[in-house]
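In the numbering used here, the protein residues as written are 250 to 392.
Single-structure report; data block below.
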């Protein structure tokens, strides 16, 4: 089986935060409310042939970072991954697009697991972040 031209070299949790706003026994909703999904990435390092991507989820917070009135909890999770790029196989003119659109989908399952297990450990029903549609991009340098 052929491997992708970009491979993960490291994944780490940068932030895990949960603070109960309501008692876990109070049923205000089953999933903790809507969530924000944010990403950012470094510049591609041509010497090391690497790029780093951060994916973050926030739940129960408004746009100013303050707890929402109807929130069960506030939750913040941030995960970082480092990727090695085989630039002989991947067109570098697309690396920023890949890091912004495709790489976060690699990190999303890690965010989902952390959100689920962290909310469960705090006595809430495990929060299942919804599945997201994956943008498609060819993995080959050929166009």
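Backbone N, C-alpha and C fix where the C-beta goes; we use that ideal spot for every residue, glycine too.
Over what stretch of residues does the beta strand (DSSP E) that includes residue i continue unbroken?
{"i": "residue 357", "result": "Premise fails: residue 357 lies in the alpha helix (DSSP H), 352-370, not in any beta strand (DSSP E)."}
{"i": "residue 331", "result": "322-334"}
{"i": "residue 305", "result": "299-308"}
{"i": "residue 338", "result": "Here residue 338 belongs to no beta strand (DSSP E), and DSSP marks it neither H nor E."}
{"i": "residue 283", "result": "Segment: none, residue 283 is in no beta strand (DSSP E) and carries neither H nor E."}
{"i": "residue 261", "result": "255-269"}
Identify, in the order they occur along the chain, each residue of the same chain with its Cβ nearer than 6 Å to the Cβ of residue i, setting aside the five sequence neighbours on each side.
{"i": "residue 363", "result": "326"}
{"i": "residue 368", "result": "375 and 376"}
{"i": "residue 256", "result": "333"}
{"i": "residue 267", "result": "322, 324, 367 and 371"}
{"i": "residue 312", "result": "none"}
{"i": "residue 356", "result": "304, 328 and 330"}
{"i": "residue 392", "result": "Low confidence applies here, because residue 392 scores a pLDDT of 48, under 50, leaving its location unreliable; read the following figure in that light. Hits under 6 Å: none found."}
Do residue j and residue i come within 8 Å of each other at the CB atom, strictly closer than that value?
{"i": "residue 301", "j": "residue 329", "result": "yes"}
{"i": "residue 323", "j": "residue 310", "result": "yes"}
{"i": "residue 353", "j": "residue 304", "result": "yes"}
{"i": "residue 337", "j": "residue 288", "result": "no"}
{"i": "residue 331", "j": "residue 258", "result": "yes"}
{"i": "residue 395", "j": "residue 262", "result": "Residue 395 is absent from the model: the chain starts at 250 and stops at 392."}
{"i": "residue 254", "j": "residue 318", "result": "no"}
Here's a check: name, in chain order, each residue in its chain whose Cβ is nearer than 7 Å to the Cβ of residue i, leaving out the five neighbours to either side.
{"i": "residue 360", "result": "304, 306, 326, 328 and 378"}
Excluding the 5 residues preceding and the 5 following residue i in the sequence, name in chain order all residues of the same chain whose CB lies nearer than 8 Å to its CB.
{"i": "residue 271", "result": "277, 320, 321 and 322"}
{"i": "residue 290", "result": "300, 301, 302, 303, 345, 348, 349 and 352"}
Can you give the beta carbon distance from residue i to residue j, rounded, assuming they're within the 8 Å contact cut?
{"i": "residue 273", "j": "residue 373", "result": "5 Å"}
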